[in-house]
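Number of protein chains: 4
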Amino acid sequence: MSATQSDQSPADQFAAQTDQALAETYGDRDGLVAAYDAVRAHTETLAAPLSPEDQTVQSMPDVSPTKWHRAHVTWFFETFLLSDNEPGFAPFQDRYWFLFNSYYETLGPRYARPDRGLITRPGAHEVGDYRGNVDGRVRDLLTRADEETLRRVLPTVELGFHHEQQHQELLLMDIKHVLSRNPLEPVYAGRPAALLGSTTPGPLEHADPGPMGWVDVEGGLVEVGHEGGGFCFDNELPRHRTWLEPYRLADRLVTNGEWLEFMRDGGYERHGLWLSDGWGRVKADGWRAPFYWTERDGEWFEHTLHGTWPVDPTLPVAHVSFYEADAYATWAGRRLPSEAEWEHAVVVDGQGERVSGNLADTTTWHPRPAAPAVPGGPRLRQVHGDCWEWTSSAYHAYPGFHPPEGAIGEYNGKFMSSQMVLRGGCALTPPGHARTTYRNFFPHSARWALSGVRLADGGEPRR
Amino acid sequence: MSATQSDQSPADQFAAQTDQALAETYGDRDGLVAAYDAVRAHTETLAAPLSPEDQTVQSMPDVSPTKWHRAHVTWFFETFLLSDNEPGFAPFQDRYWFLFNSYYETLGPRYARPDRGLITRPGAHEVGDYRGNVDGRVRDLLTRADEETLRRVLPTVELGFHHEQQHQELLLMDIKHVLSRNPLEPVYAGRPAALLGSTTPGPLEHADPGPMGWVDVEGGLVEVGHEGGGFCFDNELPRHRTWLEPYRLADRLVTNGEWLEFMRDGGYERHGLWLSDGWGRVKADGWRAPFYWTERDGEWFEHTLHGTWPVDPTLPVAHVSFYEADAYATWAGRRLPSEAEWEHAVVVDGQGERVSGNLADTTTWHPRPAAPAVPGGPRLRQVHGDCWEWTSSAYHAYPGFHPPEGAIGEYNGKFMSSQMVLRGGCALTPPGHARTTYRNFFPHSARWALSGVRLADGGEPRR
Amino acid sequence: MSATQSDQSPADQFAAQTDQALAETYGDRDGLVAAYDAVRAHTETLAAPLSPEDQTVQSMPDVSPTKWHRAHVTWFFETFLLSDNEPGFAPFQDRYWFLFNSYYETLGPRYARPDRGLITRPGAHEVGDYRGNVDGRVRDLLTRADEETLRRVLPTVELGFHHEQQHQELLLMDIKHVLSRNPLEPVYAGRPAALLGSTTPGPLEHADPGPMGWVDVEGGLVEVGHEGGGFCFDNELPRHRTWLEPYRLADRLVTNGEWLEFMRDGGYERHGLWLSDGWGRVKADGWRAPFYWTERDGEWFEHTLHGTWPVDPTLPVAHVSFYEADAYATWAGRRLPSEAEWEHAVVVDGQGERVSGNLADTTTWHPRPAAPAVPGGPRLRQVHGDCWEWTSSAYHAYPGFHPPEGAIGEYNGKFMSSQMVLRGGCALTPPGHARTTYRNFFPHSARWALSGVRLADGGEPRR
Amino acid sequence: MSATQSDQSPADQFAAQTDQALAETYGDRDGLVAAYDAVRAHTETLAAPLSPEDQTVQSMPDVSPTKWHRAHVTWFFETFLLSDNEPGFAPFQDRYWFLFNSYYETLGPRYARPDRGLITRPGAHEVGDYRGNVDGRVRDLLTRADEETLRRVLPTVELGFHHEQQHQELLLMDIKHVLSRNPLEPVYAGRPAALLGSTTPGPLEHADPGPMGWVDVEGGLVEVGHEGGGFCFDNELPRHRTWLEPYRLADRLVTNGEWLEFMRDGGYERHGLWLSDGWGRVKADGWRAPFYWTERDGEWFEHTLHGTWPVDPTLPVAHVSFYEADAYATWAGRRLPSEAEWEHAVVVDGQGERVSGNLADTTTWHPRPAAPAVPGGPRLRQVHGDCWEWTSSAYHAYPGFHPPEGAIGEYNGKFMSSQMVLRGGCALTPPGHARTTYRNFFPHSARWALSGVRLADGGEPRR
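As you go down the protein sequences, you meet chains A, B, C and D in turn.
Numbers 895 to 1357, taken from this note's numbering, label the letters of the first sequence in order.
Numbers 895 to 1357, taken from this note's numbering, label the letters of the second sequence in order.
Numbers 895 to 1357, taken from this note's numbering, label the letters of the third sequence in order.
Numbers 895 to 1357, taken from this note's numbering, label the letters of the fourth sequence in order.
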């Protein structure tokens, strides 16, 4: 990090990094417009298999309807990009300002989140009209704006890209829940080659990923947080020092097979394995298996976006809460990694800022079995692209964090309480979206997100 | 009533009356099939203005989605008519048995009512396929069945007609609520001539219905309940004697103008006007006007299926709960009629079993102003076809009531607690559906039904 | 009823009757003061076995603490009698006005009912001081008031007597619930002779009351409601005519033994026996036996104020809801009586206005087995003094009912919705309190009240 | 830390430290018995001003009744000390095992926490009997046990001391809430000299504590956690290294006067100051001032254990939630300290492990104004004995933490989620109980605990 940057506030630093990254990334205006079109088109591709009815329903307060996602990310560009920069700006539809604001208090009253599924109009088709209209206006702006304006709005444009990508992932998590409530067991997408077993729809027969291996990490006074040189969210800043005792990380995620052992050993019945609040949820909500598992005649099945199939022991366990992840680790005589341990280990394992895993496969909407490590390559497997990995770290601000001014300051900072950090990425994460320094977060009891478990060990004081 | 009938059980009596009525009503098989087609087509006509999204949403537990109504009434014919009588019966779709059962415990587990809005599939179009399939099979059955079978199934067929008509009314009440939750203020149907004021969208200018008049009724030992000679529901039987002291009934419904006076006089703020449970709802739910009224800049507006317009003082007040109706009557120094008083008055007023009011107008989905009474004709106005009228009678079984055997016995009897009887019919009631002996019922606090108020007076012991 | 009374409003009629009754009943002022002292002393006798801690707790919102009852009935005399009539009236303690108002909205804000158990002070002893203070002032008033004042306040004094008696009954129902929550199984009173079996604490061995007999009643145009000539509550007025078809009433209450048959026959598992709302409670609240029954190693035990003992098949079933009573009647092929049927039958059975049953036994706080009918005497047994008997009548105003003016008008009228009438009296009813025309009322699902079941049959139209 | 200890597990280390500390602390058996008697007597002293009724009530689920506290701490000695070590052990009362278990799942079913206020018996007096019985048996055990037994039970005895002290603090926090619900405004204790203003009950006139000063701390690679040499809870172990950038801490707590400025500046109305969950509580629960403040005619009053008085601007603000503390810090342009920052600062300020503040004053049950710093002494004021201080640290396990085996392992570890750490101590903390390394914890929204705010600043990456 250069000396000149050391005087910058985190917000300035955030802006400067973003600016430079954009120039390097997109080259010229056409490249930027093409990137915009690609992000926007991906959303529509994800929604394409869904009927107007599918796109309308909110199956629980945490879930948003598909057409709401499609409209909200459009509203984001209209509100944060066009409203301040488009000459003669007028909203596409006055009331959309109210309807499609997610949580920005600064922007005034908004439609209640738990009621998003009550909105039948605009319909899925009208939301398409809204998207088309805003797309045209954004393209115009990016094409015709003078240099200074372009420079000024670039951070917002790229934030809009990453914002839309976050909602692409959520759209899939959410529709998975919506479809799970239907006794007709509808399918989002056919089963892809990556998950095809020898018999269909019988149990999958994947190569066993083998026993869990361990990767030792030295620790010490290390740096974590985003380094600059590309987009990041404000919550990844500022990069700072922290102390880590020597520790080690499992080289793959916990599998369904291992989770079945936990269940057979009374994992959901032994209070001593659980945090008190977690045990309360086990009893109150009747948890006895991961979220999308159901038992039929003594056999466990898993609901997925590709249909419902027998639980495959070679796949990573998915859709478990922090409480379950923590109880599993206790049962296994291990623990969850802190977010600093996770990030530092991935960096020293040679995976740096890069995104790996299954992210390039856009037909597989479920985590895949751990592939063998490439000799001489990184030893940590399934780091990106299978399951978001629970850490032992509460989601708090990094030292020196200050949110940006204005409504956009509500993007991340105000959620920094009562949630836990997850790291990595998952099978639903759009290509190019995740980073090693990326901090995802969910409440302790959340299960509808595509979350899994990587174990850690060590890290105790040695003196 | 003939001597031979006096030995019959109420259930037998119910069957015999139904049988005779059908023969008289439909003449031959073609007539019956034509009646079936007409009832079924009316449902689709009502759903036609609604998008797939509109048809999917459940805006509160009391409301069912349009496509659920369309499917459930179809399920009713499939379950109660076809399953026992169609040769080689097989259900259109196995899981529909589970999905579209409303409340028949006898038929096994069913999908939870509050979750009806979570079902995205079958979509509106697939429900249409289901309807078409069942329609063809019902027509086949009615056309090809031998005489004895036809005689046997006729009561079920006609129950199916009236069942579907009940859901036609509910479909409209329900979609009215769904659309009311949308800040875009969508409209179900354009404003019809019957409700057009001189300026649009300004206040309507209807002829003032004039002051409330009173119709005196002698009372004494009277008979109430259905007489035979046409279809009725089981809860209208048996016809029986009851004692009424002399009383009188208002000749029209309470108007919005009169309700505004009640509001201006502190109607929603004076506990002394209210039943204790009603006052509890006023405080807990913040009632300060009828259900679909909203105040903007000091003026009151009413949400209707034709759009939102300024409250018209000449229209009957609509969408008030029993508690509000009772409080209004107390404020006015009157009371609500008992259901026996209501029924007997309509009969002695010369309206007999016949259906009057606005029922023939199928483009107006809102109560209309009271028209002047026809000289020499009935003096009670707005008896059928404007608002269901709250009575002071709890919904209980008539003396000697016994529900039919089997699942169909759940149709009415099991709801005979904690609800109040409403009489008449409303602007959403399909033509030919209501009767003078018809007993509708809703909980004391229900407001989303199209309910209004007719006052009564007298009826005290005079000796 | 005399001709002169026919011009009186029900409120005047109520006052006149009360006035006359008092003169006849108490003779002179000393008699009135003695009656006051007797009522007041009985409350303290009932509270005597209870510790300060026992008197403080509210085990559910329906229950009030003992010391609250003791204070509230005192507040009633202070508020309705002293505040308007005592020269130089000043309240004993300003804030008691707020604390001990039960539900009189007219008197201003009041302490929230569900929070009555949060009030540690005044303690039980201080409530005793409050009682003593008000007692002295009431005695003064009754002794020194001039004739006109005395005449004027007499209705209020006697209403205060009956009000306090109602709370004596509630105090016992409530403390029964409080003690039932304690795993130490505390006892309110030792087992009295009337309930002693041959072995203690083994099962009781009472004489079997024998099979249920039936008492036929002619019906016709009958009169119900209070006749005058003694105290009654406003809700028992006006006396009025009603029509009853011929019917019959069981000559005793349903026993625990009969209830066990109902349970063994799947009474709590067969939806077809239940009203829909009742079945909802069975499922939601897990009802499978009367309220105070618990099963231990396959045997049923009953919690009573005398301790917990094995269910005695000869005792009347107690603490069942309206829903359970109705389901039982359906199972038995009978029905519950209407309140008019109940009242008329008791009158024609020769029990008139008089109070019978176990009311004079003030050491037995539980219903007793039905004693044999006295030859030549009334044939209906257990009419008063064992269990309040559920009727099929919703609690509504009698025709022509008008509540009194002022706060006292809130006494009964505002509760006339969503409750069912119970008739008779129970083992906890104070001597002299119940009447044949007495209308008690509880919500359909209430089980903590001492309620039981008497069956009816017939009453169907015969023409 | 000695070399020999470095091989010990944290649990062994915990035991060894405790053992040594006891020997040093108590000298001989008489000393130990005297210490036991002192702790036990202090509980009874605290309960002495409370009536049986006061001791019985649970005003919200977080609160426990006084007599429950008195019994539970006794149960702790009976269960963890006597049951395994007393010859011929038999419990004082079988069912107390069930009634007075707080949260130890290992020990079997227990009485539900929210129902603690429903238990009228044992009464306050009977709880006294229980205490006396256990006290005698504990004294016997401590006096007669052989050396090895004594050594073995000593850690449990001292844990019992500190456990009882925790409940002494909770007893006071809880009864403060109970008394606050009473409109009679009862007082726990008269106002002590330390809080007497010039006029009573007018505003207090204390010396202004002056503007907030700041204490700079260097940071670096520091050690936190308990060092050994005295009792500590398991959650204070193991001592470990962590990295701190340079920072500074306010030299006193935030005052009521400063909080009033925050309120006047719209502190409770500006969403931008709040974490999202905190803002949700502000709106849902109507927060507009600290927990025990009420407004009367425009002036703010504070409920305390000494009565209700006008808010004194010189006293530290008390009874604010984490969300409020965090919002205040944001408003002030500062932040809350991490728990490591807090602990390290107190140590380098020269206050070491020692307890300071107002802890020796056992007549003052409210925080006092900040006294001037002693020249040459510690610069951080009000560190112990006024308000527990919210930190920015989630309550998680220290690296290498392992809870002890058995039921006692449930003491702290299972609560390590969804709560925030508070440091210091408060005016209700018993003398000798708090430590610099002590980790208290409450949920983010807790307000009934005696919690306050100390600001921090700096700590950002500097490179």
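In this text, a Cβ means the ideal position worked out from N, Cα and C, and glycines have one as well.
- Message: Mapping the DSSP letters down to three states, classify Met-1359(D) as helix, strand or coil.
- Response: Past the boundaries of the shown model lies residue 1359(D); chain D is included only from 895 to 1357, so the question cannot be answered.
- Roughly how many whole angstroms lie between the Cα atoms of Arg-1356(B) and Ala-1291(C)? Stepping through the second sequence from its first residue, residue 1356(B) is reached at position 462. Stepping through the third sequence from its first residue, residue 1291(C) is reached at position 397. Arg-1356(B) and Ala-1291(C) have their alpha carbons spaced roughly 17 Å apart.
- To which residues of the same chain is Glu-1117(B) closer than 6 Å at the C-beta, ignoring the five residues directly before and after it? Translated into positions along the second sequence, residue 1117(B) becomes position 223. Taken in chain order, the residues that qualify are Arg-1133 and Arg-1135.
- At least one CB of chain B closer than 9 Å to the CB of Ser-896(A): is that the case? As a first step, residue 896(A) must be located in the first sequence, where it is residue number 2. Because Ser-896(A) sits at a pLDDT of 36, beneath the cut-off of 50, its placement in the model cannot be relied upon, and the following sentence gives the value as read from the coordinates. Residue-level contact by beta carbon fails for Ser-896(A) and chain B, as no gap is shorter than 9 Å.
- Message: Strictly under 9 Å for the Cβ-Cβ distance: is Ser-1311(D) near chain A by that measure?
- Response: For this step, residue 1311(D) is matched to residue 417 along the fourth sequence. True, the Cβ-Cβ gap to chain A drops below 9 Å.
- Task: Would you kindly work out how many angstroms separate the C-alpha atoms of Ser-1339(B) and Arg-1015(A), rounded to a whole number?
- Result: Stepping through the second sequence from its first residue, residue 1339(B) is reached at position 445. Stepping through the first sequence from its first residue, residue 1015(A) is reached at position 121. Distance between the alpha carbons of Ser-1339(B) and Arg-1015(A): 29 Å.
- Query: What does His-1406(D) touch in chain A if you count any residue whose Cβ is under 9 Å from its own?
  - Reply: What is shown of chain D runs 895 to 1357, which leaves residue 1406(D) out entirely.
- Task: With DSSP as the reference, please indicate the residues paired to Leu-1143(D) in a beta bridge.
- Result: Counting from one through the fourth sequence, the residue named residue 1143(D) turns up at place 249. Note: Leu-1143(D) is bridge-paired with Val-1109(D) and Ala-1350(D) in the DSSP secondary-structure output.
- Under the DSSP definition of a beta bridge, which residues are partnered with Ala-1288(B)? Residue 1288(B) sits at position 394 when you count from the first residue of the second sequence. Beta-bridge annotation (DSSP): Ala-1288(B) is paired with Met-1314(B).
- Hey, does Ile-1302(B) have any beta-carbon neighbour from chain A nearer than 9 Å? Counting from one through the second sequence, the residue named residue 1302(B) turns up at place 408. Taking Cβ atoms only, chain A never reaches closer than 9 Å to Ile-1302(B), which makes this a no.
- Message: DSSP three-state label for Val-1118(C), please.
- Response: For the purposes of this step, residue 1118(C) is taken as residue 224 along the third sequence, with counting starting at 1. The answer is strand: DSSP assigns Val-1118(C) an E or B state.
- Item | Range covered by the beta strand (DSSP E) that runs through Trp-1194(D) | Locating residue 1194(D) in the fourth sequence gives position 300, counting from the first residue. Looking at the DSSP string, the run of the beta strand (DSSP E) that includes Trp-1194(D) is 1193 to 1198.
- Item | Inter-residue Cα distance where the pair is Phe-994(D) and His-963(D) | On the fourth sequence, position 100 is the one that residue 994(D) refers to. On the fourth sequence, position 69 is the one that residue 963(D) refers to. So the alpha carbons of these two residues sit roughly 9 Å apart.
- Pro-1231(C) beta carbon less than 9 Å from that of Ala-1087(C): Counting from 1 along the third sequence, the entry for residue 1087(C) is found at position 193. Counting from 1 along the third sequence, the entry for residue 1231(C) is found at position 337. Taking the C-beta atoms as reference points, Pro-1231(C) is found no nearer than 9 Å to Ala-1087(C).
- Query: Is there a Cβ from chain B that is less than 9 Å from the Cβ of Lys-961(C)?
  - Reply: Translated into positions along the third sequence, residue 961(C) becomes position 67. So, not an interface residue.
- Message: Helix, strand or coil, according to DSSP, for Asn-1150(C) in the structure here?
- Response: Locating residue 1150(C) in the third sequence gives position 256, where the first residue counts as 1. Secondary structure of Asn-1150(C) (DSSP, three-state): helix.
- Could you give the distance in angstroms between the alpha-carbon of Gly-982(D) and the alpha-carbon of Lys-961(D)? Here residue 982(D) refers to the residue found at position 88 of the fourth sequence. Here residue 961(D) refers to the residue found at position 67 of the fourth sequence. If you take the alpha carbons of Gly-982(D) and Lys-961(D), they lie about 27 Å apart.
- Query: What first and last residue would you give for the alpha helix (DSSP H) that runs through Gly-1392(D)?
  - Reply: Coverage of chain D is limited to positions 895 through 1357, which leaves residue 1392(D) absent and any answer about it impossible.
- Query: If you follow the beta strand (DSSP E) that Leu-1138(C) is part of, which residue opens it and which one closes it?
  - Reply: The residue labelled residue 1138(C) in the question sits at position 244 within the third sequence. Per DSSP, the unbroken beta strand (DSSP E) holding Leu-1138(C) starts and ends at 1134 to 1138.
- Item | Residue of Arg-1075(D), Leu-1065(D) and Pro-1210(D) minimising C-alpha distance to Thr-939(D) | Numbered from 1 along the fourth sequence, position 45 holds the residue referred to as residue 939(D). Thr-939(D) has its Cα closest to that of Leu-1065(D), out of Arg-1075(D), Leu-1065(D) and Pro-1210(D).
- Any Cβ of chain A within less than 9 Å of the Cβ of Asn-1076(B)? Against the second sequence, residue 1076(B) aligns to sequence position 182. Chain A contact via Cβ: present.
- Identify, in the order they occur along the chain, each residue of the same chain with its Cβ nearer than 7 Å to the Cβ of Met-1157(B), setting aside the five sequence neighbours on each side. Your numbering for residue 1157(B) matches position 263 in the second sequence. Result list for Met-1157(B): Ala-1183, in chain order.
- Message: Less than 9 Å between CB atoms is the rule here; does Ala-1018(D) satisfy it with respect to chain C?
- Response: Numbered from its first residue, the fourth sequence carries residue 1018(D) at position 124. At least one beta carbon of chain C lies nearer than 9 Å to the beta carbon of Ala-1018(D).
- Does the pairing of the stretch 1177 to 1193 of chain A with the stretch 1052 to 1063 of chain A give three or more beta-carbon distances under 8 Å? Verdict: no, contact absent.
- Query: Going by alpha carbons, who is nearest to Asp-1206(D) out of Ala-1101(D), Pro-1337(D), Gly-1123(D) and Leu-1012(D)?
  - Reply: Start at 1 with the first residue of the fourth sequence, and residue 1206(D) comes out as number 312. The shortest Cα separation from Asp-1206(D) among Ala-1101(D), Pro-1337(D), Gly-1123(D) and Leu-1012(D) belongs to Ala-1101(D).
- Determine the DSSP secondary structure at Pro-1097(A), reduced to helix, strand or coil. If you number the first sequence from 1, residue 1097(A) lands on position 203. Interpretation of Pro-1097(A) is limited by its pLDDT of 41, a score under 50 that renders its predicted location unreliable; the figure taken from the coordinates is listed afterwards. DSSP places Pro-1097(A) in coil when its eight states are reduced to three.
- Message: To the nearest angstrom, how far is the alpha carbon of Tyr-1305(D) from that of Tyr-998(D)?
- Response: Taking the first residue of the fourth sequence as 1, we reach residue 1305(D) at position 411. Taking the first residue of the fourth sequence as 1, we reach residue 998(D) at position 104. Taking the straight line from one Cα to the other gives about 8 Å.
- Message: When you compare the CB of Asp-1243(C) with every CB in chain D, is at least one pair closer than 9 Å?
- Response: In the third sequence, the residue the question calls residue 1243(C) occupies position 349. It does not; no Cβ of chain D falls within 9 Å.
- Task: Answer yes or no: does any C-beta atom of chain D fall closer than 9 Å to that of Phe-1216(A)?
- Result: For the purposes of this step, residue 1216(A) is taken as residue 322 along the first sequence, with counting starting at 1. With 9 Å as the cut-off, Phe-1216(A) counts as an interface residue toward chain D.
- Nearest-angstrom Cβ-Cβ length linking Thr-1149(D) and Thr-1208(D), presumed shorter than 8 Å: Here residue 1149(D) corresponds to residue number 255 of the fourth sequence, with the count starting at 1. Here residue 1208(D) corresponds to residue number 314 of the fourth sequence, with the count starting at 1. With a Cβ gap of about 6 Å, Thr-1149(D) and Thr-1208(D) count as contacting.
- Task: Leaving aside the five residues before and after Gly-1026(B) along the sequence, list all residues of the same chain whose C-beta is less than 6 Å from its C-beta, in chain order.
- Result: Residue numbering aside, residue 1026(B) sits at position 132 when the second sequence is read from its first letter. There are no such residues.
- Item | Contact set between Glu-972(A) and chain B, taken where Cβ atoms lie within less than 7 Å | Residue mapping note: residue 972(A) aligns to position 78 of the first sequence, counting from 1. None at all; the shortest Cβ gap to chain B is about 17 Å.
- Query: CA-CA distance, Arg-1142(A) and Met-1314(A)?
  - Reply: Here residue 1142(A) corresponds to residue number 248 of the first sequence, with the count starting at 1. Here residue 1314(A) corresponds to residue number 420 of the first sequence, with the count starting at 1. The C-alpha of Met-1314(A) is placed about 21 Å away from the C-alpha of Arg-1142(A).
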